[in-house]
Every structure is written in structure tokens, then in C-alpha cells.
Amino acid sequence: MKKWFISLLILVGSVPLTAKIWHVDSNPGNSADFKTVQAAHDAATAGDTLYIMGSGVPYGNLVMTKRLNLFGPGYFLAENPETQANISEARIGTLDLNPGSEGTLITGLYFHSPTSIIRSQIIINASNIVFKRNRVYGMTSNSASIYITDTTGNVFILQNYIVNDQNASNVHAIWLQGQNTNVEIRNNFILVLDNGTTGAINCPATSSATVSNNIMRGYLYINYCVVTNNILLAGFYTGANNLITNNLCNYNQFPAGSNLQSVGMNSSLFVASGGSDAWYRIKDGSVGDNFGTDGTDAGPYGGWDPYVTSGIPSLPSIYYLEAPASGSATNGLPVRIKAKSNR
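Using my numbering, the letters of the sequence shown map in sequence onto residues 17 to 359.
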């Protein structure tokens with residue numbers, strides 16, 4: 017009972033009064049509403065919220081046909097300070113956002129299949145989607161970590177840590193299929209295993225996107241995009257009809273002028289300490305410091321809505337907990353906690 021109460025505190029937040037909150041927890045011995053995320057989705061009504069607890073037991077795959085809000089605890093929770101008292105991630109396998117799921121918000125979750133799969137890790141087949149502060153680790157063949165289907169628009173890929181760990185020419189971290197409009201790819205880590213053949217982003221000439229304040233590694237196949245304030249750790253660029261300004265690259269991938277070429281991607285640019293994501297904060301006084309078009313840092317920690325370390329959702333979180341295994345009628349159950357709000 018104590019464990020469930022603590023988990024509930026960690027993921028407390030505000031939702032519309034007409035919506036229902038469902039709790040999903042695969043940890044043994046709890047009284048949550050559901051143990052799998054698909055069962056929770058199927059029982060929910062459009063507009064409901066799912067709070068998905070950190071657990072060592074994965075939640076399975078998810079196919080969505082309803083507008084829901086999904087909140088997890090974040091990721092890299094053991095690597096960075098003051099994240100969550102429970103440092104387990106909430107892991108989901110594949111995700112399909114199908115028609116009917118328009119208006120969905122997904123945040124604080126970890127998407128990963130333990131073995132290589134011949135499909136995309138996440139398929140966005142609905143418009144008006146906000147995918148924010150998630151970790152995606154794809155091992156996909158002939159596909160992508162995030163795949164945006166034909167004619168899908170108003171898709172916002174924000175403040176995520178996205179990886180594709182396959183080494184192949186037809187693999188991408190983010191892949192726009194065609195006729196996609198108003199796609200924003202901002203303040204993310206977008207990384208692939210092989211920066212010479214594997215695509216970080218593929219945006220064909222039939223689509224368009226805003227690509228800003230990202231850290232990227234891999235091949236960029238992009239057309240009709242606004243490309244600003246990014247950091248390209250390694251890789252190549254090919255494309256046409258792009259607006260490319262105020263980016264940093266390790267060689268000469270982006271044209272000279274407002275972009276900086278041959279930048280050392282090391283401790284001269286980054287703070288080079290902390291977790292997998294915190295390591296890449298821009299060092300004060302470096303070439304990336306306040307280099308963006310808006311006067312903020314280049315990369316994910318700059319811009320008007322910066323990356324949040326460990327993908328902590330915009331909910332209060334308990335990051336320290338001290339409690340005995342049991343209480344007494346005399347002394348009750350003394351508990352010490354440290355909590356904070358998160359933007």
C-alpha cells in the first residue's frame with residue numbers, strides 16, 4: 017500500500033475535471049487499474065489520462081485509436097540528480113498512433129523493443145500529435161525509430177532522446193513519408209549508429225519541417241526545411257530548398273557564413289559531465305554559447321522551450337524518499353520526502 021501511495025504522489029498532476037485518470041503499473045503487488053498499457057487504452061474514453069509508473073516489467077506494445085494523455089516518469093533517471101525516487105523507466109515496445117488518436121500527448125516514456133524488428137518503432141498515422149520528452153531506442157530494419165506517414169501534419173517531436181542502433185542505408189531515426197506539413201522537430205537528440213549511411217532525418221521534397229535546436233548524428237536527407245540552431249556531431253547533409261542558419265557542424269556539411277564549420281565536438285564545446293543527455297550542455301564561453309538565432313545556446317538546451325534533462329514531464333516529482341518498512345499506532349509512518357515542480 018505504501019509503495020502504491022508513493023507512486024501516486026510521484027505522478028500527481030492536473031487534468032480537466034471531465035476526464036478520468038487511470039493508473040498503469042506492472043510492478044507486482046499493487047492496486048493499479050491496469051498492468052498493460054493496451055488494456056488501459058482500450059478501457060479509457062477519449063480525453064482521459066494514463067499515468068504509467070516506472071517498472072522493471074515492460075508494458076508491451078500499444079496501438080492507439082483514441083485521444084489520450086500519457087505520462088511516464090522520464091528516463092536516464094539514475095544518471096542525473098533529482099529526477100525520481102523510483103528510478104525505473106516506463107518501457108513500451110512499439111507504438112502505433114492511428115486515426116482517432118488525433119490530439120494525443122505522449123511524454124516521459126521509453127520506447128524500445130529488446131530485439132531487432134522489421135518495422136518502425138513508432139508509427140505516427142494521425143495528425144495533431146505532441147510527442148515530447150520521450151526516449152526512443154529503435155533497432156529497426158528498413159524503417160525508422162519514428163515514422164510519419166503520408167499526409168500527416170501538425171506533428172510535434174519535441175525534447176526527445178531518439179536513437180536508431182541499426183547499421184543500414186534504409187534506416188532512419190526520423191522519417192517523413194510525404195505530403196507532411198507543419199512538422200516541428202525541436203530540441204531533440206537524434207542519433208544513429210552509423211553516421212555515414214544511416215539517416216538522422218529523412219524529409220523528402222514532398223514534405224516540409226522545422227528542424228531546430230537539435231543535436232544530431234547521421235545522414236540528413238532534408239528538403240524544404242528550416243534548419244536552425246542545430247549541432248551536427250558527425251554525418252552528411254544532402255538536400256535542396258532549405259533555409260540553413262546558425263548551425264554548428266564537425267566538418268563542412270553546412271555552408272559557411274552564418275553556420276560554423278569544423279567545430280570540435282568535445283569538452284571545448286560541451287560541459288562534458290553528467291548523464292547521457294546532460295553531458296551535452298553548452299559550456300559557457302564556447303562557440304555554441306548564445307549562438308542561436310534568438311541569442312540562446314545552439315542545440316537542445318537553447319531556444320524558447322529547452323530540452324529537460326531526463327525527460328521529466330511537466331508534473332511535480334518526488335526525487336528523495338526516506339520511510340521505514342512499517343509504522344506503528346504510536347508513531348504512525350514517518351516519511352521524509354524531497355519534491356519539486358517541473359516546467
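Beta carbons: idealized from backbone N, C-alpha and C, even for Gly.
Since the model is a prediction, treat every value here as computed from it, not as a measurement.
Under the DSSP assignment, V79 falls outside any alpha helix (DSSP H), being part of the beta strand (DSSP E) whose first and last residues are 78-80. Counting the other CB atoms within 10 Å of its CB gives P44 a total below 16, which places it among the exposed residues.
When rounded, the separation of the alpha-carbon atoms in F270 and G327 is 29 Å.
Taking the Cα positions, I164 is about 34 Å away from V287. When DSSP states are grouped into helix, strand and coil, T226 belongs to the strand group.
With respect to the C-alpha of G76, the residue from N230, G88, T110, F252 having the closest C-alpha is T110. Between L259 and T244, the CB-CB gap stays under 9 Å. In the same chain as L121, and ignoring 5 residues on each side of it, the C-beta atoms closer than 6 Å to its own belong to N85, V146, in chain order.
Measuring C-alpha to C-alpha distances from R202 to each of S228, D210, G215, N186 identifies S228 as the nearest. For the pair A189 and G169, the CB atoms are not nearer than the 9 Å cut-off. Residue state for S326 is assigned as helix, using DSSP reduced to three classes. Residue state for W320 is assigned as coil, using DSSP reduced to three classes.
Each residue's CA atom was taken as its position, placing F252 and G234 some 7 Å apart. In the DSSP annotation of this structure, the continuous segment of the alpha helix (DSSP H) that includes D58 starts and ends at 53-59.
Between the alpha carbons of W191 and A59 lies a distance of about 31 Å.
When the beta-carbon positions are compared, D293 and Y177 come within less than 9 Å of each other. Ranked by Cα distance from L209, the options S224, N183, T222 are led by N183.
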